[in-house]
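These notes concern the structure reproduced below.
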Amino acid sequence: MKFRNPPVLLFILSVLSLSIPWTTAGTVSIDRFLQCLTKYPHPAHTIQESIYTPQNSSFQSVLVAHINNRRYSTAATPKPLAIIAAKNESHVQATVLCAKHHGLQIKIRSGGHDFEGLSYTSDVPFVILDMFNINSIDVNVADESAWVHSGATLGEVYYAIAAKTNVYGFPAGICPTVGAGGHFSGGGYGFMMRKYGLSVDNIVDAKLVTANGRILDRKSMGEDLFWAIRGGGGASFGVILSWKLKLVPVPPKVTVFNLTRTIEEGVTDLVYKWQTVAPKLPKEVFLRAQPQVKNIDTKGNKTVGVSFIGHFLGTSDKVVALLNESFPELGLQRKDCYEVSWVESTVFWLKVPLEPHRNSSQQAN
């Protein structure tokens, strides 16, 4: 039998010869990595309870539980050699030290909302350090602060704050399933940022594990590193264990609304006006313009629409008067508004029905 194209055959053989040692090396590394982890016992939770390998029946479910871009949950997506679902600080330290010693890349996952898959995919042998079990929240109303572990979600943060107080909140994102660790590490923008800035502008302390396994707080890490982790990506400098938040005052009632206008209703001019008006509104007002495709009829005909979504730290009467003066073209009316508590407003962005919470003045009329 003759091969008509020897160079192609040589290429295939060379690829195979390169891939076999890589696989063997990866297997050896993960075995030694797992053995290394057992050298760091914890009296309450042994780390073996937190390790998931491809041979474990729960591996796939744990892997995809926090993959929010399903393009990365296919068979072709590179998989981790192991997932360490850490339950305490010592598990994090052990994972960092053992991965460093055995040359494995760590992907740190809080909520998995990075749609590029940066926290759960890689082109080199890697393990996932999953933080979802480290999710406790300690709210101190007297101190106007809260310690939030990186595995907590924004929804859990909002709920924990509201369970302790109705006069404080925290400026962060609109999606409750986003992990606090990644959100705060990236800056953290949300519907109160015009009044209070980004999430990181209201973070006063943090704890992280360095590449050497040390746990540092703001004082021991220094101001340069503390500045860098607030927006520069926590995984760039260490594993963030927890953040200390400075709570911000919120009124008993806030107002939310969502008005949609289409091309046929002159939305192009409205968007143009919105660009000039929105930055000049009082800082208590957050007005977002969100383009979308809308159905015109039941026959499948569509048009372009824009939703003007608003959040105001105050009553509906005030925001209606304010916008009718500065942005009358929008046509906001009291019947369009909902007066709710701050924590209730956090779910408005998910289009959760708020009909029972129409403002009382509207109901009285």
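For reference, each letter of the sequence shown is one residue, going -25 to -1, 1 to 340 in mature numbering (1 follows the signal peptide of the UniProt record, and there is no 0). We put the CB at the ideal spot given by N, CA and C, even for glycine.
| Straight-line Cα distance separating residue 271 from residue 33 | 46 Å
| query | What alpha helix (DSSP H) runs, 4 residues minimum, are completely inside the segment 213 to 262? | reply | 242 to 252
| query | Measuring CA to CA, which of 302, 188, 291 and 168 is closest to residue 312? | reply | 291
| task | Quick one: grab the DSSP three-state call for residue 80. | result | Per DSSP, reduced to three states, the secondary structure at residue 80 is strand.
| Three or more beta-carbon pairs under 8 Å between the segment 248 to 262 and the segment 210 to 222, yes or no? | no
| field | Inter-residue spacing [alpha-carbon to alpha-carbon] between residue 88 and residue 53 | value | 18 Å
| field | Beta-carbon proximity check, residue 172 vs residue 125, cutoff 8 Å | value | Not a contact, by the Cβ cut-off of 8 Å.
| Nonlocal neighbours in the same chain, by C-beta distance under 6 Å from residue 16, ignoring five residues either side | none
| Helix or strand or just coil, what does DSSP make of residue 312? | strand
| Mapping DSSP to helix, strand and coil, what is residue 157? | If DSSP states are grouped into helix, strand and coil, residue 157 belongs with the helices.
| task | Quick one: grab the DSSP three-state call for residue 120. | result | In the structure shown, residue 120 falls within a strand segment according to DSSP collapsed to helix, strand and coil.
| Under the DSSP definition of a beta bridge, which residues are partnered with residue 103? | 58 and 82
| residue 115 - containing beta strand (DSSP E), residue span | Residue 115 -> beta strand (DSSP E) spans 112 to 115.
| query | Buried or exposed: residue -18, going by 16 or more other Cβ atoms within 10 Å of its Cβ? | reply | Because the pLDDT at residue -18 is just 43, under 50, the model does not fix this residue reliably, and the point stays unresolved.
| task | Whole angstroms is fine: what's the gap from residue 121's alpha carbon to residue 73's? | result | 31 Å
| Under the rule that 16 or more other beta-carbon atoms within 10 Å means buried, what is residue 49, buried or exposed? | exposed
| request: With distances taken Cα to Cα, identify the nearest neighbour of residue 322 among 47, 142, 149 and 285. | output: 149
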